[in-house]
Amino acid sequence: MSVVQTPWQAGTECVANYDFQRRTDQDLAFTKGEVLTIVAVTRDPNWYKAKNKGGQVGFIPANYVQKREGVKAGTKLSLMPWFHGKITREQAERLLYPPETGLFLVRESTNYPGDYTLCVSCEGKVEHYRIIYKSGKLTIDEEAYFDNLMQLVEHYTNDADGLCTSLMKPKLMEGTVAAQEEFFRSGWALKMKDLTLLQTIGRGEFGDVMLGEYRGSKVAVKCIKNDATAQAFVAEALVMTQLRHKNLVQLLGVIVEDRSSLFIVTEFMAKGSLVDYLRSRGRSVLGGECLLKFSLDVSEGMEYLEGNNFVHRDLAARNVLVSEDNIAKVSDFGLTKEASATQDTSKLPVKWTSPEALREKNFSTKSDVWSFGILLWEIYSFGRVPYPRIALKDVVPRVERGYKMDAPDGCPAIVYELMKQCWHLDPNQRPSFMKLREQLEHIKDNELYQ
Ligand code: ADP
Ligand code: MG
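The sequence shown begins at 136 in my numbering and counts up one residue at a time.
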């Protein structure tokens, strides 16, 4: 048995690498793939006391399980680490040196812009195969066609199919890590065979969201659409491995089994997006206490992100989901970056984004606070679109001049005050999420929400 070096603390999550049968009734049996939470160390470093999802507690052997880690921040994960972009034929040949049959990379074609070239080392020589783009598909031999490069590489990995050799070893782009391997290493890779896809429940910008069943629980599964968006999915999943809070939609894992498909599996939020929830129930169903509870839930999730230096960048009621037991959780971390990184502003939702973020790409927790103010307004107006009756093109100039939305009908003055604080033009004058959470708690505890 291997000795565990540093003991895992209570609360650490592990994934089982093997099935384990109990030897005594003190032990906790588990199956491969199960997630277990450490409850306590034992005197024997090879055994832990752990809890399974059903709440059963018992002893588990440390060497049957793997610690689940956040994927290290700053790691450049790529689904196509063998893709080297625009490099020349000579550079490709240098990268594939020393020769090793089956070593390969893909580059953009220099002679035929828009096409690609597959470069494969084969018995001391490098072969360059032109990949042509024909009526929306990729092909080398005009016999086998592929939707994307990942599928093409997958195909020629399994079978040479006319090439000098099958693809055996990717030549990795410098500074990137294969996403597939990183998710396995960190314990976040799930098995496709454990997942059943049931029905489509949402349509996102990046692809469909489906209801699924994973090891007996309902889950939500975000499915990949194509190459470019797959990379965005990886970024989203990467962020999610590092975050854990009751008011953030929890990542359960990713499925990256073959090279051409990617699924992000999260907890299932039975009541859908907050904006739809508010619109469909409306004023007659949702009382002040309920609206305040949603506001407080979101502020707690955001306080956690603030404390961890994560900026969400797309906080809005459409990106908050509601669980079966009415807990609001922040989702959609696609745009989330650790504070400091810059970001393309062209796709931003103007009505939710702070003036300095729109103007100078200056995203910060304080720009999230601005969005939170808009989100509060959405909550108290039961899901109305912000800035009603103002043309989209007029919103920014008016806001820049200090215009602020009126309080929604029936919104308590004390809540409207919070919104206005969030909309301070000077980011430094806006409250922190910690402050906002405290104030919302104060409103709740003193029943000032009517
Ligand atoms: P996008 O990243 O393109 O904005 P979303 O993550 O917002 O996509 O998902 C689109 C829709 O799918 C949501 O508005 C919601 O209705 C549904 N959805 C997404 N995630 C879940 C989930 N975990 N549980 C239930 N429904 C979800
Ligand atoms: Mg969304």
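All C-beta atoms, glycine included, are put in the ideal place defined by N, C-alpha and C.
Nothing here was measured: the structure is a model prediction, and the numbers come from that model.
*Residues sharing a beta bridge with Gln-334, DSSP*: For the purposes of this step, residue 334 is identified with residue 199 of the sequence shown, where counting begins at 1. Listed as beta-bridge partners of Gln-334 by DSSP are Leu-346.
_Are the CB atoms of Pro-547 and Gly-423 within a distance shorter than 8 Å?_
For the purposes of this step, residue 423 is identified with residue 288 of the sequence shown, where counting begins at 1. For the purposes of this step, residue 547 is identified with residue 412 of the sequence shown, where counting begins at 1. A contact, by the Cβ cut-off of 8 Å.
*Any chance you could list the residues with Cβ under 6 Å from a heavy atom of ligand 2, keeping chain order?*
Residues flagged by the Cβ proximity filter: Gly-339, Arg-453, Asn-454, Asp-467.
*Span separating the alpha-carbon of Gly-417 from that of Phe-517*: Working through the sequence shown from its first residue, we reach residue 417 at position 282. Working through the sequence shown from its first residue, we reach residue 517 at position 382. Rounded to the nearest whole angstrom, the C-alpha separation of Gly-417 and Phe-517 is 6 Å.
*Counted within 10 angstroms of its Cβ, other Cβ atoms place Lys-357 as buried (16 or more) or exposed*: In the sequence shown, residue 357 corresponds to position 222, counting from 1. Using a 10 angstroms sphere on the CB of Lys-357, the tally of other CB atoms reaches 16 or more, which defines it as buried.
*N-terminal and C-terminal residue of the alpha helix (DSSP H) that Pro-490 is part of*: Walking along the sequence shown from the start, residue 490 turns up at place 355. For Pro-490, the uninterrupted alpha helix (DSSP H) segment begins and ends at 490 to 495.
*Can you say whether Arg-565 is buried or exposed, counting buried as having 16 or more other CB atoms within 10 angstroms of its CB?*
Within the sequence shown, the letter at position 430 stands for residue 565. Per the 10 Å Cβ criterion, buried.
*Determine the extent of the beta strand (DSSP E) in which Glu-402 is found, giving its start and end residues.*
In the sequence shown, counting from the first residue as 1, residue 402 sits at position 267. Where Glu-402 is concerned, the enclosing beta strand (DSSP E) stretches over 398 to 402.
*Look up Ile-549 in the DSSP assignment and say whether it is helix, strand or coil.*
Translated into positions along the sequence shown, residue 549 becomes position 414. Note: Ile-549 maps to helix in three-state DSSP.
_Please tell me whether Pro-234 and Ser-213 are closer than 8 Å, where the distance is taken between their beta carbons._
Against the sequence shown, residue 234 aligns to sequence position 99. Against the sequence shown, residue 213 aligns to sequence position 78. Not a contact, by the Cβ cut-off of 8 Å.
*Taking Cβ positions, are Thr-401 and Ala-463 nearer each other than 8 Å?*
Looking up residue 401 in the sequence shown gives position 266. Looking up residue 463 in the sequence shown gives position 328. At least 8 Å separates the beta-carbon of Thr-401 from that of Ala-463.
*Unbroken alpha helix (DSSP H) run spanning Phe-239, endpoints*: Residue numbering aside, residue 239 sits at position 104 when the sequence shown is read from its first letter. Element bounds for Phe-239: not the alpha helix (DSSP H) but the beta strand (DSSP E), 238 to 243.
*For the segment 370 to 380 and the segment 295 to 310, state whether three or more C-beta atom pairs, one from each stretch, are separated by less than 8 Å.*
Touching, no, given that fewer than three Cβ pairs across the two stretches are closer than 8 Å.
_For Asp-449, the residue or residues it bridges with in DSSP_ = The residue given as residue 449 occupies position 314 in the sequence shown. Beta bridge pairing from DSSP links Asp-449 with no other residue.
*If you draw a straight line from the C-alpha of Tyr-515 to the C-alpha of Thr-245, how long is it?*
On the sequence shown, position 380 is the one that residue 515 refers to. On the sequence shown, position 110 is the one that residue 245 refers to. Distance between the alpha carbons of Tyr-515 and Thr-245: 56 Å.
*Write down the C-beta distance between Val-465 and Leu-575 rounded to the nearest angstrom, noting that I regard them as a contact closer than 8 Å.*
Working through the sequence shown from its first residue, we reach residue 465 at position 330. Working through the sequence shown from its first residue, we reach residue 575 at position 440. About 15 Å; that fails the 8 Å criterion.
*asked:* Contact between the segment 506 to 515 and the segment 447 to 460 is defined here as three or more beta-carbon pairs at a separation below 8 Å; is this criterion met?
replied: Judged by Cβ distances under 8 Å, the segment 506 to 515 makes contact with the segment 447 to 460, as three or more pairs qualify.
*Closest by CA to Gln-585, which one among Leu-284, Trp-558, Pro-562, Val-550?*
Here residue 585 is taken as the residue at index 450 of the sequence shown, counted from 1. For the set Leu-284, Trp-558, Pro-562, Val-550, the Cα lying nearest the Cα of Gln-585 is the one of Val-550.
*Hey, Phe-194 and Trp-217: beta-carbon distance below 8 Å or not?*
By one-based count along the sequence shown, residue 194 stands at place 59. By one-based count along the sequence shown, residue 217 stands at place 82. No.
_Span of the beta strand (DSSP E) around His-263_ = Taking the first residue of the sequence shown as position 1, residue 263 is located at position 128. It spans 260 to 269 - the beta strand (DSSP E) in which His-263 sits, taken as one unbroken run.
*Should Ala-530 be listed as close to ligand 1, given that the test is whether its C-beta is under 7 Å from any heavy atom?*
If you number the sequence shown from 1, residue 530 lands on position 395. Reading off the sequence, residue 530 comes out as Val, not Ala. Ligand 1 has no heavy atom closer than 7 Å to the beta-carbon of Val-530.
*Same chain, Cβ closer than 6 Å to Val-389, neighbours up to 5 away in sequence not counted*: As a position in the sequence shown, residue 389 is number 254, starting the count at 1. Excluding positions up to five away in sequence, the list reads Phe-318, Trp-323, Ala-372, Ile-399.
*Near Leu-333, what residues of its chain come up, given a Cβ to Cβ distance below 8 Å and the 5 sequence neighbours on each side ignored?*
Position 198 of the sequence shown, counted from the start, is the residue given in the question as residue 333. The answer, listed in chain order, is Met-345, Leu-346, Gly-347, Glu-348.
*State the start and end residues of the unbroken alpha helix (DSSP H) segment that holds Val-531.*
Residue mapping note: residue 531 aligns to position 396 of the sequence shown, counting from 1. Judged by DSSP secondary structure, Val-531 falls within the alpha helix (DSSP H) whose first and last residues are 527 to 535.
*Note the first and the last residue of the continuous beta strand (DSSP E) segment covering Phe-194.*
Here residue 194 is taken as the residue at index 59 of the sequence shown, counted from 1. That run of the beta strand (DSSP E) goes 192 to 196.
*Of the choices Met-308, Leu-431, Tyr-412, whose alpha-carbon is the least far from that of Ile-578?*
Within the sequence shown, numbered from 1, the residue matching residue 578 stands at position 443. Ile-578 has its Cα closest to that of Leu-431, out of Met-308, Leu-431, Tyr-412.
*Buried or exposed for Ala-314, please, with buried defined as at least 16 other CB atoms from any protein chain shown within 10 angstroms of its CB.*
Taking the first residue of the sequence shown as position 1, residue 314 is located at position 179. Here Ala-314 is buried: its Cβ has 16 or more other Cβ atoms, across all protein chains shown, within 10 Å.
*Look at the Cβ atom of Leu-284, then the Cβ atom of Tyr-251, and state whether they are nearer than 8 Å.*
One-based indexing of the sequence shown puts residue 284 at position 149. One-based indexing of the sequence shown puts residue 251 at position 116. Their beta carbons are under 8 Å apart, which means Leu-284 touches Tyr-251 by this criterion.
*Mind checking who Arg-172 pairs with in its DSSP beta bridge?*
As a position in the sequence shown, residue 172 is number 37, starting the count at 1. Looking at the sequence shown, residue 172 is not Arg but Thr. Its beta-bridge partners are Glu-148, Lys-186.
*By Cβ distance, which residues of its chain are closer than 8 Å to Pro-523, with the 5 residues on each side in sequence left out?*
For the purposes of this step, residue 523 is taken as the residue at position 388 of the sequence shown. Taken in chain order, the list of residues that qualify is empty.
*Any non-hydrogen atom of ligand 1 closer than 7 Å to Val-197 Cβ*: If you number the sequence shown from 1, residue 197 lands on position 62. As written in the sequence, residue 197 is Ala, which differs from the Val given in the question. Shortest gap from the CB of Ala-197 to any heavy atom of ligand 1: 7 Å or more.
*Would you mind working out which of Glu-582, Lys-269, Met-540, Glu-316 sits nearest Cys-425, comparing C-alpha positions?*
On the sequence shown, residue 425 is found 290 positions in, with the first residue counted as 1. Taking only the C-alpha atoms, the option nearest Cys-425 is Glu-582.
_So the candidates are Glu-262, His-219, Glu-258; which of them puts its Cα closest to the Cα of Glu-243?_
On the sequence shown, position 108 is the one that residue 243 refers to. With distances taken between Cα atoms, Glu-243 lies closest to His-219.
*Expressed to the nearest angstrom, what Euclidean distance is found between the alpha-carbon atoms of Ser-567 and Glu-495?*
To locate residue 567, count along the sequence shown from 1; it is residue 432. To locate residue 495, count along the sequence shown from 1; it is residue 360. Going by C-alpha positions, Ser-567 is about 21 Å away from Glu-495.
*Just mark Thr-477 as buried or exposed, buried being the case when its beta carbon has 16 or more other beta carbons within 10 Å.*
In the sequence shown, the residue the question calls residue 477 occupies position 342. Summary for Thr-477: the model assigns pLDDT 43, below 50, so the residue's position carries little reliability, and this model does not support an answer.
*Under 8 Å by Cβ, that's how I've got Asp-154 and Thr-166 pegged, so tell me the actual separation to the nearest angstrom.*
Locating residue 154 in the sequence shown gives position 19, where the first residue counts as 1. Locating residue 166 in the sequence shown gives position 31, where the first residue counts as 1. Contact holds; Cβ gap of about 5 Å.
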